[in-house]
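Residues 54 to 887, numbered by my numbering, are exactly what the sequence shown covers, in order.
Glycine is no exception: its CB is placed at the ideal position from the N, C-alpha and C atoms.
Worksheet for the structure shown next.
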Amino acid sequence: MFSWTKIKTGAVSHVAPFGERRPFPGSTENGASAPPSRVTSGFPKSQTATDKIPPQNTNDCDSIRFLRIAKRLEADTSREEIKIQELSFLARPGSGDGSVGMSQHHLDGVPPAGPPPGQPPTTHTPSSNTHSYPHLEDAKHSQPPLIRPNTVLHSTHIHRPAHFPQEHALVWFLNSGVMLSQDFLRRLKLPDLDDVSQYIRSVPTPVLVSVGAVAAATTYYLATRPKALPPVCDLCMQSVEVPGGELARRSVLLDGEANMSHFYDDAKTMYECFLRGVRVSNNGPCLGSRKPKQPYEWISYREVMQRSENLGSAFLHKGHSKSSDPHIGIFSQNRPEWIISEVACYTYSLVSVPLYDTLGTEAISYIIDKATISTIVCDVVDKVHLVLDCVRDREHSVKNIVLMETPSEELVSRGQQAGIHILSLHDMEALGKANHQQPVSYAKTTSDDVMLSFLPLAHMFERVVEGVMIVHGARIGFFQGDIRLLSDDLSTLRPTVFPVVPRLLNRMYDKIFGQANSSLKRWLLEFAYRRKEAEMKRGIVRRDSIWDRLIFRKVQASLGGRVRLMLTGAAPISPTVLTFLRAAIGCQFYEGYGQTECTAGCTMTMPGEWNAGHVGAPLPCNSVKLVDVLEMKYLAVNGEGEVCVKGPNVFQGYLKDPEKTAEAIDADGWLHTGDIGKWLPNGTLRIVDRKKHIFKLAQGEYIAPEKIENMYIRCDAVAQVFVHGDSLQACLVAVVVPDPDFLSSWAKRTLGLEGSYEELCGRAEVKAAIFEDLGRLGKEGGLKSFEQVKSICIHTQLFSIENGLLTPTLKAKRNEMRQYFQPQIDELYAGIKM
Numbered sequence: 054m055f056s057w058t059k060i061k062t063g064a065v066s067h068v069a070p071f072g073e074r075r076p077f078p079g080s081t082e083n084g085a086s087a088p089p090s091r092v093t094s095g096f097p098k099s100q101t102a103t104d105k106i107p108p109q110n111t112n113d114c115d116s117i118r119f120l121r122i123a124k125r126l127e128a129d130t131s132r133e134e135i136k137i138q139e140l141s142f143l144a145r146p147g148s149g150d151g152s153v154g155m156s157q158h159h160l161d162g163v164p165p166a167g168p169p170p171g172q173p174p175t176t177h178t179p180s181s182n183t184h185s186y187p188h189l190e191d192a193k194h195s196q197p198p199l200i201r202p203n204t205v206l207h208s209t210h211i212h213r214p215a216h217f218p219q220e221h222a223l224v225w226f227l228n229s230g231v232m233l234s235q236d237f238l239r240r241l242k243l244p245d246l247d248d249v250s251q252y253i254r255s256v257p258t259p260v261l262v263s264v265g266a267v268a269a270a271t272t273y274y275l276a277t278r279p280k281a282l283p284p285v286c287d288l289c290m291q292s293v294e295v296p297g298g299e300l301a302r303r304s305v306l307l308d309g310e311a312n313m314s315h316f317y318d319d320a321k322t323m324y325e326c327f328l329r330g331v332r333v334s335n336n337g338p339c340l341g342s343r344k345p346k347q348p349y350e351w352i353s354y355r356e357v358m359q360r361s362e363n364l365g366s367a368f369l370h371k372g373h374s375k376s377s378d379p380h381i382g383i384f385s386q387n388r389p390e391w392i393i394s395e396v397a398c399y400t401y402s403l404v405s406v407p408l409y410d411t412l413g414t415e416a417i418s419y420i421i422d423k424a425t426i427s428t429i430v431c432d433v434v435d436k437v438h439l440v441l442d443c444v445r446d447r448e449h450s451v452k453n454i455v456l457m458e459t460p461s462e463e464l465v466s467r468g469q470q471a472g473i474h475i476l477s478l479h480d481m482e483a484l485g486k487a488n489h490q491q492p493v494s495y496a497k498t499t500s501d502d503v504m505l506s507f508l509p510l511a512h513m514f515e516r517v518v519e520g521v522m523i524v525h526g527a528r529i530g531f532f533q534g535d536i537r538l539l540s541d542d543l544s545t546l547r548p549t550v551f552p553v554v555p556r557l558l559n560r561m562y563d564k565i566f567g568q569a570n571s572s573l574k575r576w577l578l579e580f581a582y583r584r585k586e587a588e589m590k591r592g593i594v595r596r597d598s599i600w601d602r603l604i605f606r607k608v609q610a611s612l613g614g615r616v617r618l619m620l621t622g623a624a625p626i627s628p629t630v631l632t633f634l635r636a637a638i639g640c641q642f643y644e645g646y647g648q649t650e651c652t653a654g655c656t657m658t659m660p661g662e663w664n665a666g667h668v669g670a671p672l673p674c675n676s677v678k679l680v681d682v683l684e685m686k687y688l689a690v691n692g693e694g695e696v697c698v699k700g701p702n703v704f705q706g707y708l709k710d711p712e713k714t715a716e717a718i719d720a721d722g723w724l725h726t727g728d729i730g731k732w733l734p735n736g737t738l739r740i741v742d743r744k745k746h747i748f749k750l751a752q753g754e755y756i757a758p759e760k761i762e763n764m765y766i767r768c769d770a771v772a773q774v775f776v777h778g779d780s781l782q783a784c785l786v787a788v789v790v791p792d793p794d795f796l797s798s799w800a801k802r803t804l805g806l807e808g809s810y811e812e813l814c815g816r817a818e819v820k821a822a823i824f825e826d827l828g829r830l831g832k833e834g835g836l837k838s839f840e841q842v843k844s845i846c847i848h849t850q851l852f853s854i855e856n857g858l859l860t861p862t863l864k865a866k867r868n869e870m871r872q873y874f875q876p877q878i879d880e881l882y883a884g885i886k887m
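The following block contains the structure:
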């Protein structure tokens with residue numbers, strides 16, 4: 054084994070085992086030089102920063118060079134042998150056959166010992182070109198073998214000594230590393246630096262510039278390439294079965310068995326959620342509104358808090374309390390005062406009851422009487438008149454109407470005749486300020502998100518999303534009240550969070566493809582979409598790719614250009630539309646499922662899961678199970694059936710209606726949603742249709758109309774479709790509303806026809822072309838023959854909330870549609886020849 058040597062007064066010594074110092078051959082104990090011999094005189098220490106004493110003779114120089122190579126061998130243990138040509142410098146002229154004697158003692162830095170007493174020296178003659186030296190203990194009794202040029206030396210016989218001095222370990226390690234690096238570079242057979250420099254000087258300048266540009270571009274890409282959004286769980290198994298034999302499933306995000314009841318420990322109630330929003334916003338902007346062609350004006354969290362306390366104190370002063378008369382009616386469109394009124398209820402444990410005019414006077418009267426509402430907050434005078442009409446000439450519970458505007462004397466007088474006190478919101482807040490009751494105090498911090506509120510606050514979906522924004526201290530900007538000006542509000546507010554419904558997404562999709570009115574434009578759109586979709590499947594969500602800059606920039610700008618999170622629900626959406634818009638908008642886009650009875654949501658897609666066609670896995674706050682629907686042959690053991698939900702997010706029941714409550718919630722606490730679902734292999738849920746919407750044809754086939762409608766509205770010329778059938782008929786028919794924005798361009802491109810919207814809707818060629826396109830889309834979507842409509846009629850008026858055919862969340866009112874279009878339906882069936 055190698056041992057470092059030290060030079061003392063011209064003599065070379067080494068560290069022997071057990072700390073014994075022995076002189077090398079060629080030197081004496083007192084340091085005097087001995088006559089040189091054929092055998093090398095030992096291994097002096099290689100030159101280092103701490104020991105640069107020149108060698109005493111030529112043999113010492115050779116020993117130093119051999120030691121360096123030997124150290125390289127030890128550092129590179131993967132190299133089993135080295136040709137002795139590298140050591141041929143040790144052969145000296147006049148040494149006879151040109152060989153060099155070298156013992157294991159020399160390799161280990163130990164001087165050769167003489168033969169045992171009484172035995173003559175033994176001469177070893179090499180018999181081959183390869184020598185394996187015996188172990189040190191065996192070599193003590195033998196003479197060194199001769200090493201010839203081209204002989205191979207095994208590196209496995211070169212070792213660092215067990216008694217290696219600690220003070221030399223660092224030097225050994227550094228030298229070994231340097232030798233290993235040099236050997237590695239030599240093995241790569243890299244050209245000499247001078248040769249490389251000369252070659253570079255001979256390369257033309259344009260080539261060098263091109264290579265440099267490519268290198269710079271590659272470096273920039275590697276440094277800035279997008280990173281995939283990491284999934285929060287294994288996307289192949291997003292829910293697990295709950296023990297107990299009910300075939301229920303829960304989220305894999307749960308740590309324990311119990312469902313999650315709250316996300317933040319300091320936000321367990323809606324009032325505490327608002328308090329947390331105040332803290333984390335650091336009194337930032339909270340609610341914003343704008344007048345036409347004006348910028349948004351913002352109300353801070355502190356101001357919202359103060360106004361809510363004043364309004365809530367006024368409610369208490371008017372006789373409301375948690376235990377008696379807790380219900381406050383809110384009859385308003387989306388605006389900041391809506392949230393202020395609701396937070397006032399949260400602050401003092403009151404209950405807000407939303408009203409909306411599309412329900413009609415009968416429904417409004419029913420809600421007022423059922424909830425025994427004594428105070429109603431209205432936004433405009435017309436709604437005050439509507440409330441007065443509902444309670445006219447009969448007994449009622451209404452005592453106060455708070456108008457967000459200043460009421461006229463005539464309006465106040467009419468209220469007095471009905472026994473109702475009408476006052477402005479400003480006066481109500483002043484009353485509360487004069488009789489203020491101090492709620493809990495709060496602290497502060499920050500957030501920059503902003504959302505646009507345009508979906509009805511009377512429904513739970515919008516209120517939950519706004520609650521999430523508030524608990525994180527974000528901003529909420531309200532639209533101007535006219536859905537036709539929504540694009541102007543989006544470009545002005547530039548939201549980062551945007552909750553939407555499928556109806557709006559379908560319109561966006563149709564508009565994008567409607568503008569691609571040539572084969573080249575459509576090919577470029579499809580190509581860019583496929584490239585973005587491929588990135589999305591790898592988990593990369595961004596809006597700064599070349600396709601975003603060239604193709605999708607206008608799409609993103611139409612939403613303000615800053616949207617980073619979108620959420621859709623309330624109705625089914627086509628997987629084609631959802632996947633395309635996820636790629637085109639370039640943001641995290643989630644789909645959820647639920648209903649008001651389970652606080653808006655019970656399932657939602659996971660981050661990183663961008664495959665459409667399902668509504669995600671159960672939320673951590675609830676479990677979901679499917680129950681048998683025998684008449685439709687849906688069995689829970691097959692992963693199909695009616696969706697049921699259980700958890701702290703499920704409502705307690707319908708107000709003062711135990712019969713309907715018993716119909717919705719069973720004895721075990723499961724809410725029966727009335728929707729038909731199916732479990733997918735990865736633990737996500739797919740909604741097939743509404744249980745009450747599914748009907749049977751005369752032959753016994755079950756039909757899910759919404760599934761068919763979602764496929765048909767993919768037709769470029771179609772805006773809305775209503776599919777109808779019943780058990781007395783053998784086929785389906787449909788009422789089709791062409792899209793006013795795209796019918797003209799579609800008819801010109803497809804049929805070569807021109808004309809107004811009404812004229813085109815009346816053309817038989819247009820009707821036939823639409824019918825043919827619907828059949829093609831249904832076939833591509835996998836519809837069976839009995840699921841395809843056999844006849845259609847064209848209707849020129851869009852289904853809307855105003856004409857009573859859509860709910861406030863833009864869902865179809867199927868019973869109303871059936872009654873409205875009954876004459877056309879009868880005519881369609883009469884014209885079908887089976």
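DSSP three-state assignment for residue i, whether helix, strand or coil
| i | result |
| --- | --- |
| N763 | helix |
| T658 | coil |
| H194 | With a pLDDT of 45 at H194, under the threshold of 50, the modelled position of that residue is not reliable, and the figure given next carries that caveat. It is coil, neither helix nor strand. |
| Y324 | helix |
| L688 | coil |
| T860 | coil |
| G341 | strand |
| Q752 | coil |
| W600 | helix |
| A471 | coil |
| I729 | strand |
Backbone CA spacing between residue i and residue j [nearest angstrom]
| i | j | result |
| --- | --- | --- |
| C697 | E869 | 27 angstroms |
| S450 | D422 | 7 angstroms |
| L881 | R871 | 13 angstroms |
| E356 | I626 | 39 angstroms |
| L306 | C286 | 7 angstroms |
| K832 | V521 | 41 angstroms |
| K371 | I393 | 18 angstroms |
| G592 | E586 | 10 angstroms |
| F824 | F566 | 20 angstroms |
| L634 | T658 | 16 angstroms |
| L538 | M685 | 44 angstroms |
C-beta contact flag for residue i and residue j at 8 angstroms
| i | j | result |
| --- | --- | --- |
| Y354 | C339 | yes |
| F795 | A787 | no |
| L750 | F839 | yes |
| G530 | P548 | yes |
| E932 | L724 | For the chain, the structure presents residues 54 to 887; residue 932 sits outside this window and is missing. |
| A800 | L813 | yes |
| W391 | R528 | no |
Extent of the continuous beta strand (DSSP E) run through residue i
| i | result |
| --- | --- |
| K699 | E693 to K699 |
| R739 | L738 to R743 |
| G645 | Q641 to Y646 |
| F551 | V550 to V553 |
Boundaries (first-last residue) of the alpha helix (DSSP H) holding residue i
| i | result |
| --- | --- |
| K585 | S572 to K590 |
| N453 | Not the alpha helix (DSSP H): N453 falls in the beta strand (DSSP E), residues N453 to L456. |
| L827 | A817 to E833 |
| A424 | G413 to A424 |
| K280 | From DSSP, K280 is part of no alpha helix (DSSP H); its letter is neither H nor E. |
Beta-carbon separation (whole angstroms), residue i vs residue j, contact threshold 8 angstroms
| i | j | result |
| --- | --- | --- |
| L618 | Q648 | Going by Cβ atoms, the distance from L618 to Q648 rounds to 22 angstroms, so no, they are not a contact pair. |
| G736 | Q291 | 4 angstroms |
| I475 | L464 | 6 angstroms |
| S366 | G485 | 4 angstroms |
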